[in-house]
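Student: I'd like to ask some things about the structure below.
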Amino acid sequence: IRKIGVLTSGGDAPGMNPCVRAIVRYGISKGCEVYAVYEGYQGLVDNGIKRMDWKDVRGFLSIGGTNIGTARCMPFKTREGRLQAAQNLIKSGVDSLIVCGGDGSLTGADVFRSEWSGLNEELLKNDRITKEESDAYQHLTIVGLVGSIDNDMSSTDITIGAVTSLHRICEAVDSIATTALSHSRAFVVEVMGRHCGWLALAAGIATGADFVFIPERPPTEENWQDTLCSVAHRHRQLGKRKTVVIVAEGALDKNLKPIKADDIKDILSERLGLDTRVTTLGHTQRGGAPAAFDRILATIQSVEAVDAVLKSTPETPSPMIGMNSNKVTSGPLMKAVELTHEVAKSIGEKNFARAMELRDPQFVE
Ligand code: F6P
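Reading the sequence shown from the start, the letters are residues 3 to 367 in this note's numbering.
Given below as structure tokens:
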């Protein structure tokens, strides 16, 4: 019998609960035992591992966040922490892990798997596990699911939670628009996304914003302030009573200096005389019920993740479940992590085309 552990890690994302639900129920239907690891990797270190029953995930589909908890776990970043995690896993009998998280969490998962035989050996040497346990747990199967509102992972078109977050941002900008229009004001709205501009760009298109700042394509001009003012001014001359600028939290200028919402506000007020306010949407973007799309994405990808566990062999590299051209895909996790880091680097080098190419590689198996 396969004993599958599931954990959610990093920033929570709407859709993580539907992942846990689908893994538990599909896993049970396939004859597996399914265990929830509470509080992300912290639960591995602290032995927060609990067997899940069919009814334990009742109602999970429509609940935002993650009911099994998440954490940005420091102890797991140390070898001693991972050693303790390996011991707890072996003692609990869990032989495979499905990790739902962002790029950092999936990198952690792959490090854990690559170190596994060394950890196993060290535990045996120090009498922390028996010879039988060591032999039975020579390999650890890991499968990655990408849960992140940022949509910043390479090798998948969309990450679990991003669409819900985008919708939340659109609702907020729509609300801001009515008050902006009433007062003839300008608003600068800062959105999340870390080093990725997907949320900002997509929200800009969906709300008809006047201007958008994203990290992937910094303004080409030294004086982007002039361009911003001329666009905002032109729109006003066309009769618009409101100005909305969306800025990604990771937005950069030509010299890779951060562009901040307050700087944009000062420019609009001082140079155009616009009565300007800043709204930082913050964690409202991450909260609330998952949209239907994220419930479906989480469910079908989780089924694929359980199937990936069932067909894995010691030779298969850890897979990451993605979605490419509307199809659920499975590709090497480490490759996706490497490409994601390259994207971040190429953004630093101002290479937008390369960044986009890396984000959507043809990696489908
Ligand atoms: O990765 C998700 C995310 O919400 C980012 O968009 C944001 O930069 C970060 O997490 C915020 O992290 P925290 O919730 O730890 O403040």
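Backbone N, C-alpha and C fix where the C-beta goes; we use that ideal spot for every residue, glycine too.
Can you find the residues in the same chain that come closer than 6 Å, C-beta to C-beta, to Ala211, ignoring five residues on each side of it along the sequence?
Tutor: Apart from sequence neighbours up to five positions away, the residues of its chain that approach Ala211 with a beta-carbon distance below 6 Å are Val246 and Ile248, ordered along the chain.
Student: Measure the beta-carbon distance from Lys259 to Val280 and round it to whole angstroms, keeping in mind my assumption that it falls under 8 Å.
Tutor: That belief does not hold up - the Cβ atoms of Lys259 and Val280 are roughly 19 Å apart, past 8 Å.
Student: Under 8 Å, with one C-beta from each stretch per pair, do the region 93-100 and the region 57-69 reach the 3-pair mark?
Tutor: no
Student: With 16 as the cutoff for other CB atoms within 10 Å, does Thr10 come out buried or exposed?
Tutor: buried
Student: Have a look at Ser327 and Glu123 and give me their C-alpha separation to the nearest angstrom.
Tutor: For Ser327 and Glu123, the distance between alpha carbons rounds to 42 Å.
Student: If you scan the region 201-232 from start to end, which runs of the beta strand (DSSP E) of 3 or more residues do you find wholly inside it?
Tutor: Runs of the beta strand (DSSP E) inside the region 201-232: 213-215.
Student: Can Asp14 be considered in contact with the ligand F6P, in the sense that its beta carbon sits closer than 6 Å to one or more heavy atoms?
Tutor: no
Student: Taking DSSP as the reference, what is the three-state secondary structure of Asn153?
Tutor: DSSP, read as helix, strand or coil, puts Asn153 in coil.
Student: Going by the beta-carbon positions, is the gap between Val2 and Asp296 smaller than 7 Å?
Tutor: For the chain, the structure presents residues 3 to 367; residue 2 sits outside this window and is missing.
Student: Going by DSSP, which residues form a beta bridge with Gly7?
Tutor: Tyr37 and Leu99
Student: Should Glu306 be labelled buried (16 or more other beta-carbon atoms within 10 Å of its own) or exposed?
Tutor: buried
Student: Between which two residues does the beta strand (DSSP E) harbouring Val175 extend?
Tutor: It is not in any beta strand (DSSP E) - Val175 instead sits in the alpha helix (DSSP H) that spans Ala164 to His185.
Student: With a threshold of 8 Å on Cβ separation, who are the neighbours of Ser167 within its own chain once the five nearest residues in sequence on each side are excluded?
Tutor: Ala15, Pro16, Ile151, Met194, Leu201, Gln287 and Arg288
Student: Taking the continuous alpha helix (DSSP H) assigned at Lys133, which residues delimit it?
Tutor: Lys133 to Ala138
Student: Can you say whether Thr158 is buried or exposed, counting buried as having 16 or more other CB atoms within 10 angstroms of its CB?
Tutor: It counts as buried.
Student: Looking at Ser304 and Cys34, is the spacing between their C-beta atoms short of 7 Å?
Tutor: no
Student: Quick one: using the 10 Å Cβ neighbour count with 16 as the cut-off for buried, is Ile269 buried or exposed?
Tutor: buried
Student: Need the endpoints of the beta strand (DSSP E) that Ala272 sits in, please.
Tutor: A small fix is needed here, since residue 272 is Glu in this sequence, not Ala. Counting along the chain, Glu272 falls outside any beta strand (DSSP E), though it belongs to the alpha helix (DSSP H) covering Ala263 to Leu274.
Student: Report yes if the C-beta of Gly290 is less than 6 Å from at least one heavy atom of the ligand F6P; otherwise report no.
Tutor: no
Student: Looking only at C-alpha atoms, which of Ala182, Ala88, Leu125 and Ala179 sits nearest to Thr143?
Tutor: Ala88
Student: Tell me which residues share the same chain as Gly7 and place their Cβ nearer than 6 Å to its Cβ, disregarding the 5 neighbours each side in the sequence.
Tutor: Tyr37, Val39, Val96 and Leu99
Student: Output yes or no for whether 7 Å exceeds the beta carbon distance between Ile349 and Glu218.
Tutor: The answer is yes: Cβ separation under 7 Å.
Student: Can you give me the C-alpha to C-alpha distance between Gly104 and Gly149, rounded to a whole angstrom?
Tutor: Spanning the two alpha carbons is a distance of roughly 6 Å.
Student: Check whether the Cβ of Asp152 lies closer than 6 Å to any heavy atom of the ligand F6P, and answer yes or no.
Tutor: yes
Student: Could you tell me if the beta carbon of Arg170 falls within a distance shorter than 6 Å of some heavy atom in the ligand F6P?
Tutor: no
Student: Are the CB atoms of Leu46 and Asn90 within a distance shorter than 7 Å?
Tutor: yes
Student: Which same chain residues, not among the five before or five after Lys347, have their C-beta less than 8 Å away from its C-beta?
Tutor: For Lys347, where only same-chain residues beyond five positions count, there are no Cβ hits under 8 Å.
Student: Hey, how far is the Cα of Phe215 from the Cα of Ala250?
Tutor: 6 Å
Student: DSSP three-state call for Leu147: helix, strand or coil?
Tutor: Strand, per DSSP.
Student: Taking 6 Å as the line, does the beta carbon of Gly103 fall inside it for any heavy atom of the ligand F6P?
Tutor: Because no heavy atom of the ligand F6P lies under 6 Å away, the Cβ of Gly103 does not count as near it: no.
Student: Residues bridged to Arg279 by DSSP?
Tutor: Phe189
Student: Could you check whether Gly71 and Glu41 sit closer than 7 Å to each other, using their CB atoms as the reference points?
Tutor: yes
Student: Quick check: what's the CA-CA separation for Ala300 versus Gly324?
Tutor: 10 Å
Student: By the three-class DSSP mapping on this structure, what secondary structure does Asn326 have?
Tutor: strand
Student: Just to confirm my understanding: we take Asp277, look at its own chain, exclude 5 residues before and 5 after, and list those with CB closer than 6 Å. What are they?
Tutor: Arg187
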